[in-house]
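Engineer: Those letters in the sequence shown? Residues 71 to 355, per this note's numbering, in order.
Glycine residues also receive a C-beta, built at the ideal position from the N, C-alpha and C atoms.
Bear in mind the structure is a predicted one, so any value in this text is a computation, not a measurement.
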Amino acid sequence: MTTRSTYPAAVLDAMFEAVEMDDVVDPVVSLPASIPVACTQEEMRRCLDLCIQFWRAGAIRADLRKLATTLLHTGDLPPDARIRYKHIRARYKHLRFALVLYGKPHKAPLLFRSTVAVMGHLQDAFRNRQRAAVLGYALLLRGLLIWPVWAAVQREVDAVRLDNAAGFLAFRRAEFARLKSWVLGKALTGHRFHAMRKVISRQVSFYDTMRTLEPDDQVYRMSRFLSAINGLMGSLHDELVEQASAGHRDYHKDDFPLPEDIRCRLEALTARYPLTAVDRSAAAS
């Protein structure tokens, strides 16, 4: 198994607090004077190590199996169990973002990303009281949690190879360039909107992890600005999913205009994000 840095409970608690705030909308937050983009490969490694430890500390297999079993039997979860499911899923999502960001392929491993996807579909299903979908996704989740698959997921995560700093910077710039082109579009489908939100969510996770490891005002402000966008987009996406579930919208085909409060924030972000300037720390790696 790969030897990784380990962090004390206080750091994991700070990571949890940051993740809990990653969709909280602060109406007065603004971008920092200079958007921080520098990240060395050593910082990337520390970020990934923290994200893996954070996941393993809270994504307990027995707890998730119990939640899936409850959903199989009842189709829903009581309030305290919903919160537990949300917290476990948040840890999975945070690690998925990290694997995409820092890993050389910039893609989460197959079994891991399949588990995250099934957890998301299952949450949508029980939130929208879709009993048949709950049954199907709960069964899939139980299958992904059997011991051989669980062990394979652990091996997948440990086998991820880090990109270098230059590759990481190039990946982020490509994401922001794509986001900028999408914002310039007149209308979006639910599917495209979800793709936009994933770019924002990945960036929130990066700045949340960085500010947990190395508190910095500029990084903190970037985290909070992105969190506001993430929260607004998340609420709208929940509405789109609910409308699609009720048959009122085709998630993949029907266009809708991007709300002005989201558009203004995205335009400010993409206008300010440095897409071409040379980053010395990346070039030196």
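(1) When the Cα atoms are used, what is the spatial distance from ALA202 to GLN224?
(2) Tell me which residues share the same chain as ASP194 and place their Cβ nearer than 6 angstroms to its Cβ, disregarding the 5 neighbours each side in the sequence.
(3) Could you check what DSSP says for GLY213 in three-state terms: helix, strand or coil?
(4) Below 8 angstroms on the Cβ atoms is my guess for PRO327 versus LEU306; work out the distance and round it to an integer in Å.
(5) Cα separation between ARG350 and GLN111?
(6) Which runs of the alpha helix (DSSP H) at least 4 residues long sit entirely within the stretch 234-304? Give them in chain order.
(7) Checking 7 angstroms against the spacing of the C-beta atoms, do ALA129 and ILE158 come in under that value?
(8) Please determine whether the Cβ atom of ARG126 lies at a distance below 6 angstroms from any heavy atom of the ligand GDP.
(9) GLY173 bridges to which residues according to DSSP?
(10) Taking the alpha-carbon positions, what's the ARG333 to GLN313 distance?
(11) Would VAL98 be called buried (16 or more neighbouring beta carbons within 10 Å of its own) or exposed?
(12) Go through its chain and collect everything with a Cβ distance to ALA29's Cβ below 7 angstroms, but skip five positions before and after it.
(13) Once the 5 residues before and after ILE270 are set aside, which same chain residues still bring their CB inside 7 angstroms of it?
(14) Is PRO102 near GLN273, with beta carbons less than 7 angstroms apart?
(15) How many angstroms separate the CA atom of TRP252 from the CA atom of MET266?
(16) For ASN198, which residues in the same chain have their Cβ closer than 7 angstroms to its Cβ, ignoring the five residues on either side in sequence?
(17) Is the beta carbon of PHE182 less than 7 angstroms from the beta carbon of ASP146?
(18) Extract the residue ranges of the alpha helix (DSSP H) inside the stretch 124-176, only unbroken runs of 4 or more that lie entirely within it.
(19) Please list, in chain order, all residues of the same chain as MET91 whose beta carbon is under 7 angstroms from its beta carbon, the five residues on each side excluded.
Structural biologist: With the given structure in hand:
(1) 30 angstroms
(2) VAL311
(3) helix
(4) Between LEU306 and PRO327 the Cβ distance is about 11 angstroms, and since that is not below 8 angstroms, they are no contact.
(5) At ARG350 the pLDDT is 40, less than 50, meaning the model places this residue with poor confidence; the figure from the coordinates comes in the next sentence. Straight-line Cα distance between these residues: approximately 13 angstroms.
(6) 235-253 and 260-283
(7) yes
(8) With respect to the ligand GDP, the structure offers nothing, as it holds no ligand at all.
(9) LEU232
(10) 21 angstroms
(11) exposed
(12) Nothing can be reported for residue 29: it is not among the residues displayed for the chain, which extend from 71 to 355.
(13) LEU296, ILE299, ASN300 and MET303
(14) no
(15) 8 angstroms
(16) GLU312 and SER315
(17) no
(18) 131-144 and 149-172
(19) SER297
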